[in-house]
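Contents: one structure, followed by commentary.
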Amino acid sequence: MKFILIAHDKEGGLATRKATRPAHLAYWKSQPEAKLAYGGPLLGADGNPFGSVLVVEANDEAHARALFEGDPYIEAGLFEMISISGFRTVFQDGKLLG
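Mapped onto the working numbering, the consecutive letters of the sequence shown carry residue numbers 1 to 98.
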């Protein structure tokens, strides 16, 4: 099943985000069992990131949470709000999947 993480940075979190980004990227590259479907930053009107979205394929919610909790962004305390939910892709690349 797919799970989506939506997280908003704490106020003034840009420095933490920049400092932690290399470890964040390395973490997800080192997690082949995570089956990271996609991910990236949420961007404000100024183009600066203010949060993150990640979608992973995991065995269950506990597995997804364990993967997300190992993310260096979370370990660094970057986020003020984190939401994790099951996720189903209905549209992809402009096509209805069914």
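Ideal placement from N, C-alpha and C gives every residue a C-beta, glycine not left out.
{"Check": "So which of Glu75, Tyr38, His63, Leu43 has the shortest CA-CA distance to Thr20?", "Outcome": "Glu75"}
{"Check": "My output table needs one value for Lys35: the three-state DSSP class, helix, strand or coil.", "Outcome": "coil"}
{"Check": "Start and end of the beta strand (DSSP E) containing Ile54?", "Outcome": "Residue 54 is actually Leu in this sequence, not Ile. 49–57 is the extent of the beta strand (DSSP E) around Leu54."}
{"Check": "Taking a contact to mean a Cβ-Cβ separation below 8 Å, would you say Phe79 touches Lys10 in this structure?", "Outcome": "yes"}
{"Check": "Going by DSSP, what residue range makes up the beta strand (DSSP E) through Leu5?", "Outcome": "2–9"}
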